[in-house]
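For the record, in the sequence shown the residue sitting at position 122 is 122 according to the working numbering, with numbers rising by one throughout.
Idealized CB from N, CA, C, for every residue including glycine.
What follows is a set of notes on a single structure, which appears directly below.
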Amino acid sequence: MLLREDDGRTSVRTGPTTTSSAAAPPSRTPSPSTSSSEPSADDPAVVEDQLNGVTFPLLDGWVRPRHIAEDDVIMTTDGTYDCPGEGSVCRHGMVISRTVTGSDETSPERLAKEDISDAADDAFDRDLIGNRPYGGITSHTTVKSGPVAVAGRAGYLVRWRVKTAKGPGGYVQSMVFPSSVGTESPVLVRYVVDAGEDAPPLSDMDRITRGIRTIGDTGSGGGVGSSIGPTE
């Protein structure tokens with residue numbers, strides 16, 4: 001994703017999409033380097049992000065992206081529903097994985113904290129053509145933030161509870177950790193889960209995080225994907 005200077009701070013931005021809603025949030029800046037979501041040759045319940053060298057577990061109720069323009073959507077919940085506000089269809093959940101580019105910033109904490117507002121806007125505020133699938137964001141609360149181990153690397157996450165003018169609102173999380181391949185560029189993973197009755201459990205965010213592995217790693221101990229001290 002591209003990052004820009006704004007009042008002396010670096011902020012993370014994400015790439016554009018053609019669909020509205022939590023299924024594929026839009027962006028207001030050009031596209032970043034994107035990842036490819038592909039099935040693992042060894043495990044059909046795993047999705048590979050080949051660009052960033054990691055795999056994600058496909059939990060029950062989650063599927064590989066279908067009918068979504070963005071290449072960097074790793075998975076979505078199965079099925080769609082009519083958005084409560086303007087626009088077309090919405091999905092109950094989505095996970096995006098992207099490489100942070102365009103900045104020398106490497107701090108997972110700083111990148112996650114600076115991305116979370118954009119992540120919330122992209123998921124629950126306006127879509128690319130100006131519609132508001134949820135009527136706009138009315139408030140947010142930080143419900144979790146702190147260090148987290150991801151695929152054996154030290155990362156950082158920030159999670160917001162977002163309330164919207166229409167519909168039940170939901171949760172959005174920005175998580176950043178260094179890649180284990182290449183130049184070890186920071187990897188940004190965004191999670192979006194709405195708060196509707198048919199939404200996946202919020203614990204799926206943590207279960208997916210715990211299941212992230214380096215490609216080729218068949219088993220991991222040592223607290224991979226586990227929290228190392230976030231504040232609730």
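### Task
Whole angstroms is fine: what's the gap from PRO168's alpha carbon to CYS83's?
Each residue's alpha carbon lies about 11 Å from the other.
### Message
Just verifying my parser: in three-state terms, what is the DSSP assignment at LEU111?
### Response
helix
#### Entry: Minimum C-alpha distance to ARG132 - residue among ALA154, GLU86, ALA120
GLU86
### Task
Output the boundary residues of the alpha helix (DSSP H) element that contains MET206.
It should be pointed out that residue 206 corresponds to Asp in this sequence rather than to Met. First-last of the alpha helix (DSSP H) with ASP206: 203-211.
### Task
Count the C-beta pairs between the region 139-158 and the region 88-95 that are closer than 8 Å, then say yes if the count reaches three, no if not.
Judged by Cβ distances under 8 Å, the region 139-158 makes no contact with the region 88-95, as fewer than three pairs qualify.
### Length of the line joining the Cα atoms of PRO200 and VAL63
Each residue's alpha carbon lies about 12 Å from the other.
### Query
Leaving out the 5 sequence neighbours to the left and right, which residues in its chain are closer than 6 Å to VAL234 when beta-carbon positions are compared?
Since the displayed the chain opens at 1 and closes at 232, residue 234 lies outside it and no answer follows.
#### Entry: Where the beta strand (DSSP E) containing VAL181 begins and where it ends
Looking at the DSSP string, VAL181 is not in any beta strand (DSSP E), and its letter there is neither H nor E.
### Message
Taking the beta carbon of ILE228 as the centre, do at least 16 other beta carbons fall within 10 Å, making it buried, or is it exposed?
### Response
Any reading at ILE228 needs caution, since the residue's pLDDT is 47, under 50, leaving its predicted position unreliable; the model's value is listed next. With fewer than 16 other Cβ atoms within 10 Å, it is exposed.
### Query
Excluding sequence positions up to five away, which residues of its chain have a Cβ less than 7 Å from the Cβ of PRO233?
One cannot answer for residue 233 here, as it falls past the ends of the chain, which runs 1 to 232.
### Query
Rounded to the nearest angstrom, how far is the Cβ of VAL176 from that of ALA120, given a contact under 8 Å?
No, VAL176 and ALA120 are not in contact; Cβ-Cβ is about 16 Å, not under 8 Å.
#### Entry: Residue-level contact to chain C via CB, GLY152, 7 Å cutoff
Protein chain content of the structure displayed is limited to a single chain, and chain C is not contained in it.
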